[in-house]
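Protein chains in written order, with this note's numbering: chain A, 12 to 153; chain B, 5 to 287.
Laid out in structure tokens, this is it:
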């Protein structure tokens, strides 16, 4: 059996880590599938989905490290007019941070509940805000 | 107060219900892979960028494109939904025989606060006498005119209609008419600087980036193509913050402007003080 749900989230800053563990947990709780896997998949290319520990110090380290690796200001080739959009590509750092973080995570479901380590949380990671983002939650199992 | 004087609300949700109309709008305005979004997102983006007001520009090129892609009525609808954040301009295709009547209706009955003209798209010279009645109506209502000037990213646009010098004759003929040469007349940056330096009634906005990122582009045009002190010492009162959204996010254009080595007094003028004068919000 497969169940598919869409989540929508607003970001309010250019870089923002938004915990969505409870959103996913609620979808799993309401699912008919009791044993299987839940996939959390982002439908964008300048943001990410990741699992990490929810501590303010770590969130700061994640932001600072990504910023060090991929600075806001650099001579990015993407910064030119894109006829396919009718706009200048102004979000190269978002694309590159997304590449590092990835666009999905997978969590097992046992007896109707997500099985996660005690330090784990699911984050939607915005690298190109402020935007309205769509996240797919697909549950596969029985 | 921070005011973005150059926003095309092509994808604002409340005016995007008709899919065929939206497709036509995208084709005419040269937006491809963009999608509608709710006004709630506009609020959040303004809050993030610390922008207080947006000037929303309609676009009437009906005699050329067969349809008004953003109508005055649609702008009025958006203003009614959020009159605190939005200031609405009117647009009229000067090639229409009833252009003056349409403008009168938009300013008097719809209570719109300015006129947006697109000479390169409408294939008219701004100094064509046929347009003079429109300018006189703007004077009658004490509202300004924003001219789409210089290079337009929209298809079927011709630079020959949009050189900054073409606006000088209008500025001289109507010295009380407040005018905005948008896009800073790119690529004619120095020519635009000359016009706004000379004529008290003429402003120029910063709407858009034509190459590179906002920080690089504004450094190049305002610090290298122009003398590094031209803004600070000469035309600080004549430049308006404009983003050309949706092509560019207002937050990024604003951040590019704020990276220029200007005094706070001058930056405050660029970000909103000059716009208040241009729009007639003060006095």
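We put the CB at the ideal spot given by N, CA and C, even for glycine.
ask   = Within the chosen definition, does the stretch 104 to 113 of chain A reach the stretch 131 to 147 of chain A through at least 3 CB pairs nearer than 8 angstroms?
value = In short, these stretches touch, since the Cβ pair count reaches three.
- Message: Rounded to whole angstroms, what is the Cα-Cα separation between residue 282/B and residue 275/B?
- Response: Indexing the second chain from 1 puts residue 282/B at position 278. Indexing the second chain from 1 puts residue 275/B at position 271. C-alpha separation (whole angstroms): 12 angstroms.
Can you tell me the Cα-Cα spacing of residue 144/B and residue 107/B, whole angstroms? As a working mapping, residue 144/B is identified with position 140 in the second chain. As a working mapping, residue 107/B is identified with position 103 in the second chain. Between residue 144/B and residue 107/B, the alpha-carbon positions lie close to 11 angstroms from each other.
Which bits of chain B does residue 91/A rub up against, with CB to CB less than 9 angstroms? Within the first chain, numbered from 1, the residue matching residue 91/A stands at position 80. Correct list: 215, 216.
> Does any C-beta atom of chain A lie closer than 9 angstroms to the C-beta of residue 80/B?
Replying inline: By one-based count along the second chain, residue 80/B stands at place 76. Cβ-Cβ to chain A under 9 angstroms: no for residue 80/B.
- Message: For a test of the three-state rule: what should DSSP assign to residue 57/A, helix, strand or coil?
- Response: Taking the first residue of the first chain as 1, we reach residue 57/A at position 46. Under the three-state reduction of DSSP output, residue 57/A falls in the coil class, being neither helix nor strand.
Delimiting residues of the alpha helix (DSSP H) encompassing residue 68/A: Position 57 of the first chain, counting from 1, holds the residue named residue 68/A. Where residue 68/A is concerned, the enclosing alpha helix (DSSP H) stretches over 67 to 80.
Q. Which of helix, strand or coil does DSSP assign to residue 150/B?
A. Against the second chain, residue 150/B aligns to sequence position 146. Judged by DSSP in its simplified three-state form, residue 150/B adopts strand.
- request: Please name the residue in 201/B, 83/B, 78/B, 173/B whose C-alpha comes closest to that of residue 26/B.
  value: Along the second chain, one-based indexing puts residue 26/B at 22. With respect to the C-alpha of residue 26/B, the residue from 201/B, 83/B, 78/B, 173/B having the closest C-alpha is 78/B.
Practice prompt. Please determine if the stretch 23 to 37 of chain A and the stretch 6 to 25 of chain B are in contact, where contact requires at least 3 C-beta pairs separated by less than 8 angstroms.
Written response: Between the stretch 23 to 37 of chain A and the stretch 6 to 25 of chain B, the count of Cβ pairs shorter than 8 angstroms is below three; the stretches do not touch.
- Task: Would you mind sorting residue 51/B into buried or exposed? The rule is 16 or more other CB atoms within 10 Å of its CB.
- Result: What you label residue 51/B is simply residue 47 of the second chain in a count that begins at 1. Classification for residue 51/B: exposed.
Which of helix, strand or coil DSSP assigns to residue 142/B: The residue labelled residue 142/B in the question sits at position 138 within the second chain. DSSP, read as helix, strand or coil, puts residue 142/B in helix.
Checklist entry - Candidates 33/B, 138/B, 165/B, 167/B: which alpha carbon is nearest residue 98/B's? => result The residue labelled residue 98/B in the question sits at position 94 within the second chain. Cα-wise, what sits closest to residue 98/B is 138/B.
Practice task
Can you check DSSP and say which residues form a bridge with residue 94/B?
Solution key: As a working mapping, residue 94/B is identified with position 90 in the second chain. Its beta-bridge partners are 119/B.
For chain A, check one thing: does any of its Cβ atoms lie closer than 9 angstroms to the Cβ of residue 178/B? Position 174 of the second chain holds residue 178/B. Under the 9 angstroms criterion on CB atoms, residue 178/B is classed as non-interfacial with respect to chain A.
Out of 112/B, 212/B, 62/B, which one is the CA nearest neighbour of residue 251/B? By one-based count along the second chain, residue 251/B stands at place 247. Taking residue 251/B as reference, the option from 112/B, 212/B, 62/B with the minimal CA-CA separation is 212/B.
Taking residue 169/B as part of the beta strand (DSSP E), name the residues at either end of that continuous run.
For the purposes of this step, residue 169/B is identified with residue 165 of the second chain, where counting begins at 1. For residue 169/B, there is no enclosing beta strand (DSSP E); the residue is part of the alpha helix (DSSP H) that begins and ends at 169 to 177.
Original post:
Would residue 51/A pass as a contact of residue 120/A if the rule is Cβ separation under 9 angstroms?
Top reply: Translated into positions along the first chain, residue 51/A becomes position 40. Translated into positions along the first chain, residue 120/A becomes position 109. Not in contact: residue 51/A and residue 120/A (Cβ atoms no closer than 9 angstroms).
If you reduce the DSSP assignment to three classes, tell me which class residue 139/A lands in.
Numbered from 1 along the first chain, position 128 holds the residue referred to as residue 139/A. Here residue 139/A sits in coil by DSSP.
Subject >> Residue interval of the alpha helix (DSSP H) (run including residue 16/A) >> reply: Position 5 of the first chain, counted from the start, is the residue given in the question as residue 16/A. DSSP places residue 16/A in no alpha helix (DSSP H) but in the uninterrupted beta strand (DSSP E) bounded by 13 to 21.
Contact with chain A by residue 228/B, beta-carbon distance below 9 angstroms:
The sequence position of residue 228/B within the second chain is 224, counting from 1. Output row for residue 228/B: interface = no.
Check for me: the alpha helix (DSSP H) holding residue 106/A runs from which residue to which?
Position 95 of the first chain holds residue 106/A. 103 to 112 is the extent of the alpha helix (DSSP H) around residue 106/A.
Distance between residue 132/B and residue 37/B (C-alpha atoms, nearest Å): Locating residue 37/B in the second chain gives position 33, where the first residue counts as 1. Locating residue 132/B in the second chain gives position 128, where the first residue counts as 1. Looking at the two C-alpha atoms, the distance is approximately 36 angstroms.
How far does the beta strand (DSSP E) with residue 28/A in it extend, from its first residue to its last? Stepping through the first chain from its first residue, residue 28/A is reached at position 17. Secondary structure note for residue 28/A: its beta strand (DSSP E) is the uninterrupted segment 27 to 30.
**Asked** Hey, does residue 154/B have any beta-carbon neighbour from chain A nearer than 9 angstroms?
**Response** For the purposes of this step, residue 154/B is taken as the residue at position 150 of the second chain. Chain A contact via Cβ: absent.
> Once you ignore the five residues that flank residue 157/B on each side, which residues in its own chain have a CB closer than 6 angstroms to its CB?
Replying inline: Taking the second chain and counting its residues from 1, one reaches residue 157/B at position 153. Here the set comprises 34.
### Message
So if I threshold CB-CB distances at 8 angstroms, which residues from the stretch 115 to 141 of chain A count as touching chain B?
### Response
Within the stretch 115 to 141 of chain A, contact with chain B at the beta-carbon level (separation under 8 angstroms) is assigned to 140, 141.
- Query: To the nearest angstrom, how far is it from the Cα of residue 236/B to the Cα of residue 228/B?
  - Reply: Residue mapping note: residue 236/B aligns to position 232 of the second chain, counting from 1. Residue mapping note: residue 228/B aligns to position 224 of the second chain, counting from 1. It is roughly 14 angstroms from the alpha-carbon of residue 236/B to the alpha-carbon of residue 228/B.
>> Within a Cβ cutoff of 6 angstroms, which residues of the same chain sit near residue 83/A, ignoring the five residues on either side of it in sequence?
In response: By one-based count along the first chain, residue 83/A stands at place 72. 104, listed in sequence order.
Can you list, in chain order, the residues of its chain with a C-beta nearer than 8 angstroms to that of residue 181/B? Leave out the 5 residues immediately preceding and following it. Reading the second chain from its first residue, position 177 is the one you call residue 181/B. Contacts found: 139, 142, 143, 148, 149, 174, 175, 205.
- Query: Do residue 152/A and residue 48/A have their C-beta atoms closer together than 9 angstroms?
  - Reply: Here the question's residue 152/A lines up with position 141 in the first chain. Here the question's residue 48/A lines up with position 37 in the first chain. In this structure, residue 152/A sits near residue 48/A, with a CB-CB distance shorter than 9 angstroms.
- Query: By a C-beta neighbour count over all protein chains shown, 10 Å radius and 16 as the cutoff for buried, is residue 69/A buried or exposed?
  - Reply: Position 58 of the first chain holds residue 69/A. By the C-beta density criterion, residue 69/A is exposed, having fewer than 16 other C-beta atoms within 10 angstroms.
* To do: Return the Cβ separation of residue 222/B and residue 247/B in integer angstroms, given the expectation that the two are a contact with Cβ distance under 8 angstroms.
  => Start at 1 with the first residue of the second chain, and residue 222/B comes out as number 218. Start at 1 with the first residue of the second chain, and residue 247/B comes out as number 243. Their Cβ separation, rounded to whole angstroms, is 12 angstroms, which puts residue 222/B and residue 247/B out of contact at 8 angstroms.
Among residues of its own chain, excluding the 5 on either side of residue 249/B, which ones have a beta-carbon nearer than 6 angstroms to its beta-carbon? Here residue 249/B corresponds to residue number 245 of the second chain, with the count starting at 1. Taken in chain order, the residues that qualify are 11.
- [ ] With DSSP as the reference, please indicate the residues paired to residue 119/A in a beta bridge.
- [x] Position 108 of the first chain, counting from 1, holds the residue named residue 119/A. For residue 119/A, which the question treats as bridged, DSSP gives the partners 48/A.
Margin query: Does residue 206/B come out as helix, strand or coil in the three-state DSSP assignment?
Written below: The sequence position of residue 206/B within the second chain is 202, counting from 1. In this structure, residue 206/B counts as strand in the three-state DSSP scheme.
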